[in-house]
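One structure is given here, and the rest of the page talks about it.
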Amino acid sequence: MTQAPPDSYLSATDPEHLVWQLDWNLLRTFTVIVQEGGITAAANKLRLKQPTVSNALRRLEESLGQRLVERGPRAFRVTRQGQALYRESVDIFGSVNRLSIALRDIPDDVQGKASIRMASHVVCPLVDEALSEFHQRHPQAVVAISVSASTVAVEAVLEKRCAMAICLVNEQLESLDYTVLYREHFGFFCGPQHPLFGKSGLTMADLKGEYSVSFGADQLDGVLRPIALLREQAELHTHISGVSTNLEEVRRMIIANLGIGPLPIHAVERDVRDGLLWRLPPYDHPPEVSIYIVRNPKARLNRAEERFSEILLEKVAATPLDERTYGLD
Numbered sequence: 003m004t005q006a007p008p009d010s011y012l013s014a015t016d017p018e019h020l021v022w023q024l025d026w027n028l029l030r031t032f033t034v035i036v037q038e039g040g041i042t043a044a045a046n047k048l049r050l051k052q053p054t055v056s057n058a059l060r061r062l063e064e065s066l067g068q069r070l071v072e073r074g075p076r077a078f079r080v081t082r083q084g085q086a087l088y089r090e091s092v093d094i095f096g097s098v099n100r101l102s103i104a105l106r107d108i109p110d111d112v113q114g115k116a117s118i119r120m121a122s123h124v125v126c127p128l129v130d131e132a133l134s135e136f137h138q139r140h141p142q143a144v145v146a147i148s149v150s151a152s153t154v155a156v157e158a159v160l161e162k163r164c165a166m167a168i169c170l171v172n173e174q175l176e177s178l179d180y181t182v183l184y185r186e187h188f189g190f191f192c193g194p195q196h197p198l199f200g201k202s203g204l205t206m207a208d209l210k211g212e213y214s215v216s217f218g219a220d221q222l223d224g225v226l227r228p229i230a231l232l233r234e235q236a237e238l239h240t241h242i243s244g245v246s247t248n249l250e251e252v253r254r255m256i257i258a259n260l261g262i263g264p265l266p267i268h269a270v271e272r273d274v275r276d277g278l279l280w281r282l283p284p285y286d287h288p289p290e291v292s293i294y295i296v297r298n299p300k301a302r303l304n305r306a307e308e309r310f311s312e313i314l315l316e317k318v319a320a321t322p323l324d325e326r327t328y329g330l331d
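If you read the sequence shown in my numbering, its first letter stands for residue 3, the second for the next number, and so on.
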């Protein structure tokens with residue numbers, strides 16, 4: 003029988019060597035380094051000393067025989083080899099995070115927790131109906147909804163830390179599945195203390211030079227680009243008085259008269275009726291933004307997550323897109 007060669011004869015890229023010799027803690031540290039964008043930030047995240055993290059990166063590079071990160075006093079760049087390793091490591095640790103789903107005995111009744119990430123203030127009757135139906139069918143299950151910025155929500159799906167995200171999408175990744183949940187239209191609004199509150203017959207010219215508040219993604223290269231373009235068209239004041247990724251906080255700043263700002267028209271109908279907000283131009287052809295259901299086809303879902311996903315997607319498929327488009331008169 004031929005004996006396996008000693009470790010000294012195995013190259014750093016040999017699959018057998020990697021499986022048995024690679025320190026998985028080093029791989030996890032590298033993943034955090036890339037996610038945090040630097041060694042110092044990673045050390046803070048991991049609650050370790052900076053030299054410990056630097057040493058872990060060096061040991062991993064030596065184990066693989068590859069330069070993973072170009073680093074210097076003012077430079078940090080992940081190499082092509084590092085980018086490839088990061089993609090694989092995210093997939094690996096995402097699977098480990100959900101490994102208990104594959105190991106535990108699951109009873110006949112649907113139990114467990116359906117983990118969902120949402121952007122702030124998702125207003126869609128289909129989601130509400132799906133939640134209600136899911137609870138009626140599976141009262142022993144738990145729905146866990148976390149609200150976060152859309153980029154954070156998508157990252158959680160990519161890393162298999164939740165079943166789905168309901169959020170805005172700037173760039174679609176090939177590794178994820180995207181379904182348009184609904185489309186919403188944005189309008190500019192002001193609060194009761196603003197000079198334009200209650201005035202009719204306004205035009206875009208009336209908005210010129212006005213102070214405003216903004217979403218963090220409200221940039222020409224961001225997910226809310228249509229709103230950024232509308233800002234330029236309105237020639238608002240270049241100074242933005244307030245910024246938040248949370249819709250409720252943008253709403254708060256508008257009502258508090260930090261400036262005018264964009265909000266989904268259908269989501270604030272009650273505020274307009276209650277005299278908390280006033281709709282401003284443009285009244286015709288308001289900018290449109292799509293809200294997506296984002297899922298990872300490689301993620302292993304528990305039964306609660308599978309059932310909620312099925313219920314919501316069935317409702318979306320049965321509802322024409324024009325009936326899932328909100329904010330148009």
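For each residue, glycine too, the CB sits at the ideal point set by N, CA and C.
Does the beta-carbon distance from residue i to residue j come in below 8 Å?
i: residue 168; j: residue 229; result: no
i: residue 325; j: residue 268; result: no
i: residue 178; j: residue 314; result: no
i: residue 242; j: residue 202; result: no
i: residue 258; j: residue 162; result: no
i: residue 145; j: residue 116; result: yes
i: residue 207; j: residue 303; result: no
i: residue 226; j: residue 291; result: yes
i: residue 279; j: residue 273; result: yes
i: residue 91; j: residue 32; result: yes
i: residue 62; j: residue 83; result: no
i: residue 159; j: residue 298; result: yes
Using the three-state DSSP reduction, which class does residue i fall into: helix, strand or coil?
i: residue 108; result: Confidence at residue 108 is low in this model, with a pLDDT of 48, below 50, so its placement is unreliable and no value can be given for it.
i: residue 267; result: coil
i: residue 146; result: strand
i: residue 327; result: strand
i: residue 92; result: helix
i: residue 211; result: coil
i: residue 124; result: coil
i: residue 152; result: helix
i: residue 79; result: strand
i: residue 246; result: strand
i: residue 115; result: strand
i: residue 202; result: coil
i: residue 167; result: strand
i: residue 234; result: helix
i: residue 273; result: helix
i: residue 137; result: helix
i: residue 50; result: coil
i: residue 228; result: helix
i: residue 86; result: helix
Return the CA-CA distance between residue i and residue j, expressed in angstroms with no decimal places.
i: residue 204; j: residue 254; result: 23 Å
i: residue 248; j: residue 238; result: 21 Å
i: residue 29; j: residue 296; result: 27 Å
i: residue 281; j: residue 289; result: 14 Å
i: residue 283; j: residue 319; result: 34 Å
i: residue 12; j: residue 66; result: Residue confidence for residue 12 is low, a pLDDT of 39 falling below 50, so the modelled location carries little weight; the figure read from the coordinates is stated next. In a straight line, the C-alpha of residue 12 is about 11 Å away from that of residue 66.
i: residue 232; j: residue 196; result: 20 Å
i: residue 110; j: residue 143; result: With a pLDDT of 46 at residue 110, under the threshold of 50, the modelled position of this residue cannot be trusted; read the value that follows with caution. Near 12 Å, if we compare the C-alpha coordinates of residue 143 and residue 110.
i: residue 264; j: residue 172; result: 18 Å
i: residue 72; j: residue 39; result: 12 Å
i: residue 126; j: residue 329; result: 12 Å
i: residue 94; j: residue 78; result: 24 Å
i: residue 270; j: residue 234; result: 23 Å
i: residue 131; j: residue 52; result: 49 Å
i: residue 57; j: residue 45; result: 11 Å
i: residue 48; j: residue 41; result: 10 Å
i: residue 306; j: residue 321; result: 23 Å
i: residue 68; j: residue 60; result: 10 Å
i: residue 217; j: residue 250; result: 11 Å
i: residue 331; j: residue 266; result: 13 Å
Spell out the partners DSSP gives residue i in its beta bridges.
i: residue 181; result: 295
i: residue 187; result: 290
i: residue 131; result: None; residue 131 has no bridge partner.
i: residue 282; result: 190
i: residue 55; result: Answer by DSSP bridge pairing: none, since residue 55 is not bridged.
i: residue 74; result: 77
i: residue 216; result: 245
i: residue 262; result: 214
Does at least one heavy atom of the ligand ATP sit under 7 Å from the Cβ of residue i?
i: residue 118; result: Within the structure as shown, the ligand ATP is missing, as the structure has no ligands at all.
**Inter-stretch contact (C-beta, 8 Å, three-pair minimum) for the region 150-158 and the region 184-200** = no
**Asked** If we count Cβ pairs, one from each stretch, closer than 8 Å, do we get three or more for the region 84-96 versus the region 123-137?
**Response** Result no; under three Cβ-Cβ pairs closer than 8 Å.
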